[in-house]
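Undergrad: One structure is given below, represented as structure tokens, and several questions about it will come after.
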Amino acid sequence: MGTRAIPGWRLLVAGCVGTTLVAGCGNSNLFEGLANDGTTQATVEAARIDIDNGNYTAAIAALQALCGTNLSAPTCDAQTVSLLAAAYSGRAGLDVLDLIKEATSTASGVTGSFSTFSSLLPTLTASNKQDMHNAVTLLSGLTSRTANQNLQMAVVAAADLVVTVGVDLTNGFDAATGVPNVIPSLADVQQAETSNQTVTQVTNDLLLVTQGVTGSGLAGKDLTNDITQIQNTLDANQNGTVTAPELQSYLASL
401 MGTRAIPGWR
411 LLVAGCVGTT
421 LVAGCGNSNL
431 FEGLANDGTT
441 QATVEAARID
451 IDNGNYTAAI
461 AALQALCGTN
471 LSAPTCDAQT
481 VSLLAAAYSG
491 RAGLDVLDLI
501 KEATSTASGV
511 TGSFSTFSSL
521 LPTLTASNKQ
531 DMHNAVTLLS
541 GLTSRTANQN
551 LQMAVVAAAD
561 LVVTVGVDLT
571 NGFDAATGVP
581 NVIPSLADVQ
591 QAETSNQTVT
601 QVTNDLLLVT
611 QGVTGSGLAG
621 KDLTNDITQI
631 QNTLDANQNG
641 TVTAPELQSY
651 LASL
């Protein structure tokens, strides 16, 4: 599919476009002169410029110098953690601006909500899945998230769910419709749980989706409606846990 990934994280907030869910409001040019002065601020701003330009690997390397490589216990502040998560999700192919456009033009329903994400993700790979996992780990580890960081987490967790399912179970998704290329059997789903904890990952992602949507204060908007629809339909009995039969049945219904 080859979507361009733009982790600017702009979303509709109170009917207006322009809230930026990664710190900064497109003012990276103001800091270009700082890019080589060796300070923490310069490193962060240089990484932001790299993200804006799609140079995600360079941004990750720069931010890891501040945050460390233990994603469960980063040594940088929450704003920098959010930026590092944006770099990882950007490298995995998550294009939030296209996601918002799709969410506002797609009819509601099980297939429409899922395909809002699945049709926009690039050809799925194990490295994309790991990058999305890394973004989820960073955002979920923040002890006190802002509304924007909660929304970022909800979007990334939903994308992580789709990438995980696509890599582990469905051999990706149709580029036009977003439906699974392969419908796994129940035995396939059970084996994926044994091998990769796929069902457990889906359950964990849905929990983070719930937390993120609630914390964002944007429940009821187009994109959060799509995310919530995936959650409600996947967790058929609404007990907070997805089972292998529930996941198999959901994929078969798309």
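Going by the working numbering, the first residue of the sequence shown is number 401, and it counts up by one from there. The C-beta atom is built at its ideal place from N, Cα and C for all residues, glycine as well. Please read all numbers here as calculations on a predicted model, not as lab measurements.
Since I451 is in the alpha helix (DSSP H), which residue starts that stretch and which ends it?
TA: 440 to 452
Undergrad: Can you give me the C-alpha to C-alpha distance between I449 and A461, rounded to a whole angstrom?
TA: 13 Å
Undergrad: DSSP puts F573 in a beta bridge; with which residues?
TA: P580
Undergrad: Going by C-alpha distance, which of L608, N604, L586 is nearest R545?
TA: Residue L608 is the option with its Cα nearest to R545.
Undergrad: I need the straight-line Cα distance from S518 to N548, nearest angstrom please.
TA: 23 Å
Undergrad: Compare the C-alpha of Y650 against each of Q591, L569, T610, N550 and name the closest.
TA: L569
Undergrad: By the 10 Å Cβ neighbour count, where 16 or more other Cβ atoms means buried, how is E432 classified, buried or exposed?
TA: Low confidence applies here, because E432 scores a pLDDT of 47, under 50, leaving its location unreliable and the question unanswered by this model.
Undergrad: Starting from V589, trace the alpha helix (DSSP H) both ways and give me its first and last residue.
TA: 586 to 596
Undergrad: Report, in whole angstroms, the separation of the C-beta atoms of G493 and N528, which I expect to be a contact under 8 Å.
TA: 6 Å
Undergrad: Let me make sure I understand the geometry here. Which of P474, V536, G541, L618 has the alpha-carbon closest to that of V602?
TA: V536
Undergrad: Identify which residue in L463, T516, L466, A447 has its Cα closest to the Cα of L654.
TA: Its Cα nearest to that of L654, the residue T516 stands out among L463, T516, L466, A447.
Undergrad: Using only alpha-carbon positions, find the residue among T577, A644, T443, N632 that is nearest to Q590.
TA: A644
Undergrad: Buried or exposed, going by whether 16 or more other CB atoms sit within 10 Å of the CB of V444?
TA: Buried is the call here.
Undergrad: So is T439 buried or exposed if we call it buried at 16+ other beta carbons inside 10 Å?
TA: exposed
Undergrad: Leaving out five residues on either side along the sequence, give the residues of the same chain with a beta carbon under 6 Å from the beta carbon of G617.
TA: A547
Undergrad: Taking T600 as the reference, give the member of N637, V555, T564, L466 with the closest Cα.
TA: T564
Undergrad: How would you label N470, buried or exposed, when you count the other beta carbons within 10 angstroms and need 16 or more for buried?
TA: exposed
Undergrad: What does the Cβ neighbour count give for T598, buried or exposed, with the cut at 16 atoms within 10 Å?
TA: buried
Undergrad: Does the distance from the C-beta atom of P580 to that of F573 stay below 7 Å?
TA: In terms of Cβ geometry, P580 and F573 form a close pair [threshold 7 Å].
Undergrad: Is A459 near A473, with beta carbons less than 7 Å apart?
TA: no
Undergrad: Can you tell me the Cα-Cα spacing of I627 and L521, whole angstroms?
TA: 15 Å
Undergrad: Classify N534 as buried or exposed, calling it buried when 16 or more other Cβ atoms lie within 10 Å of its own Cβ.
TA: buried
Undergrad: Just to check my reading of the structure: D452 and R491 have Cβ atoms closer than 8 Å, yes? What is that Cβ distance to the nearest angstrom?
TA: At roughly 14 Å, the Cβ-Cβ gap does not stay under 8 Å, so D452 and R491 are not in contact.
Undergrad: Am I right that G612 and N550 are in contact with their C-beta atoms under 8 Å? What's the rounded C-beta distance?
TA: 5 Å between Cβ atoms; contact.
Undergrad: Alpha carbon to alpha carbon, what distance is there between Y488 and N596?
TA: 21 Å
Undergrad: In angstroms with no decimal places, state the Cα-to-Cα distance between V582 and L483.
TA: 34 Å
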